[in-house]
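**Q**
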Amino acid sequence: MESIYLIRHAKAEGQEPYASLTDEGYTQAERLAEMLSSHGISYIVSSPWKRAVQTAVPLGAAIQQHIHTDERLQERVLSTKDLPDWMDVLKRTYDDVDWAAEGGESSRIAARRALAVLEECWSRPELHGVVVTHGNLLSLIIRQYVPSFGYPEWARLSNPDIYVLRREHRQMDEGGRKEHEPIFSIRRLALD
Numbered sequence: 010m011e012s013i014y015l016i017r018h019a020k021a022e023g024q025e026p027y028a029s030l031t032d033e034g035y036t037q038a039e040r041l042a043e044m045l046s047s048h049g050i051s052y053i054v055s056s057p058w059k060r061a062v063q064t065a066v067p068l069g070a071a072i073q074q075h076i077h078t079d080e081r082l083q084e085r086v087l088s089t090k091d092l093p094d095w096m097d098v099l100k101r102t103y104d105d106v107d108w109a110a111e112g113g114e115s116s117r118i119a120a121r122r123a124l125a126v127l128e129e130c131w132s133r134p135e136l137h138g139v140v141v142t143h144g145n146l147l148s149l150i151i152r153q154y155v156p157s158f159g160y161p162e163w164a165r166l167s168n169p170d171i172y173v174l175r176r177e178h179r180q181m182d183e184g185g186r187k188e189h190e191p192i193f194s195i196r197r198l199a200l201d
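All letters in the sequence shown, in the order written, are residues 10 to 201 by the working numbering.
(1) Helix, strand or coil: which one does DSSP assign to P169?
(2) Under the rule that 16 or more other beta-carbon atoms within 10 Å means buried, what is T89, buried or exposed?
(3) Taking all protein chains shown into account, do 16 or more other C-beta atoms lie within 10 angstroms of the C-beta of I192, making it buried, or fewer, making it exposed?
(4) Would you grab the beta carbon distance between A38 and P67 for me? Rounded to a whole angstrom, and I think it's under 8 Å.
(5) At which residues does the beta strand (DSSP E) containing L15 begin and terminate?
(6) What's the call for S56, buried or exposed, on a 16-neighbour Cβ count within 10 Å?
(7) Would you mind working out which of V62, G144 and R85 sits nearest S167, comparing C-alpha positions?
(8) For T31, which of helix, strand or coil comes out of DSSP?
(9) With V98 as the anchor, note down where its alpha helix (DSSP H) starts and where it stops.
(10) Measure how close the beta-carbons of L92 and V98 come, nearest whole angstrom, since I'm counting them as under 8 Å.
(11) Identify the residues that DSSP records as bridge partners of T142: which are they?
(12) Is V86 helix, strand or coil when you go by DSSP?
(13) Could you please give the first and the last residue of the uninterrupted alpha helix (DSSP H) stretch that includes V66?
(14) Could you check if G49 is buried or exposed, using at least 16 other CB atoms within 10 Å of its CB as the buried criterion?
(15) Between G112 and S47, what straight-line distance do the alpha-carbon atoms span, to the nearest angstrom?
(16) Indicate the three-state DSSP secondary structure (helix, strand or coil) for S148 in the structure shown.
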């Protein structure tokens, strides 16, 4: 794969795994499909959570592609306890990537599972793919390529949000042998 479109799901009714898109979210998903259907995308993988799959469905229909689901793309578990101060807890996970609230995942662990999906995508034969996920996990993916992407940038994400991650190979001559080093670039796309 040469490029992966990283997509945060459209506007949803809640945060639970079974939360549906709102009417506005369905409209956003349709607009997303219209915008991306001409980008040569031929592979879609999504979080199995309802709002993520519902975001992917119009694009899948538009480009006649099956939507694969992968549990590793579901939202990061911040804690198994109710957290009235959840934003403070979330902020701490950006400051200390190995810290986790009770029953939750650290940023490092959550990013690791998401990046494993991306590694599998990079090895696929399709040129352009889509990964549909959730805001916090998306921010942790982006942070692997833009280390300064943290809590303030997460807070500015929108529903939906689209980032294009591209990979190019640069040939290097290391002591008489040629090596191919991947070079990554990432940019945000605005929904038309």
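Even for Gly, the Cβ is constructed at its ideal location relative to N, Cα and C. Only a predicted model underlies this, so the values are computations on that prediction, with no experimental measurement involved.
**A** Put simply:
(1) If DSSP states are grouped into helix, strand and coil, P169 belongs with coil.
(2) It counts as exposed.
(3) exposed
(4) 5 Å
(5) Taken as a continuous stretch (DSSP letters only), the beta strand (DSSP E) holding L15 covers S12 to R17.
(6) buried
(7) G144
(8) DSSP places T31 in coil when its eight states are reduced to three.
(9) W95 to D104
(10) 5 Å
(11) R17
(12) V86 falls in the coil class under three-state DSSP.
(13) K59 to I72
(14) exposed
(15) 42 Å
(16) helix
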